[in-house]
Amino acid sequence: MIIRASERVFEIRHEMRGGKGDVSLAQLPGSALALHLRLFSEITIPPGAGIGTHTHSGETEYFYIIEGTGIVNDNGSMVEVQPGDVVVTGGGAMHNIENHTNAPLRLVAVIVTEA
14 MIIRASERVF
24 EIRHEMRGGK
34 GDVSLAQLPG
44 SALALHLRLF
54 SEITIPPGAG
64 IGTHTHSGET
74 EYFYIIEGTG
84 IVNDNGSMVE
94 VQPGDVVVTG
104 GGAMHNIENH
114 TNAPLRLVAV
124 IVTEA
């Protein structure tokens, strides 16, 4: 199966999960997601914006950083992330991510649910 860029679902989320500013998402349509795949999305976080603090219970979220740098609250530890880094959050842990630079931060977010 090939999913063309034009088939993705595009949306802007204002203050996503209580974060700052507007974040844009380019998601796979629900019909393309496998049984335990809740989300597969390219997310762009502009300068000064971010995704607010949230937890993941019964699922694991992966952020694969594609472009730019950001600051992640990794269950209480503040860590700078850069291209190639992967943030893994599950088991009831919490995280958030913010872009404190002058360039966009792009990542792929994947959420996999437990059985």
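Here our numbering is used: the first residue of the sequence shown is 14, the next is one more, and so on.
Think of the CB as a built atom: it goes at the ideal place given N, C-alpha and C, for glycine as much as any other residue.
Since we're looking at a predicted model, the values are computed, not measured.
Classify residue i as helix, strand or coil using the three-state DSSP reduction.
i: residue 81; result: coil
i: residue 31; result: helix
i: residue 93; result: strand
i: residue 62; result: coil
i: residue 104; result: coil
Take residue i as the anchor and find which of the options has the nearest alpha-carbon.
i: residue 37; options: 50, 54 and 88; result: 54
i: residue 105; options: 126, 47 and 60; result: 126
i: residue 110; options: 61, 15, 39 and 16; result: 61
i: residue 42; options: 57, 16 and 49; result: 16
Going by DSSP, what residue range makes up the beta strand (DSSP E) through residue i?
i: residue 19; result: Careful: residue 19 lies outside any beta strand (DSSP E) and carries neither H nor E.
i: residue 118; result: 118-126
Please look up how many angstroms separate the CB atoms of residue i and residue j, rounded, as I've assumed it's under 8 Å.
i: residue 63; j: residue 112; result: 6 Å
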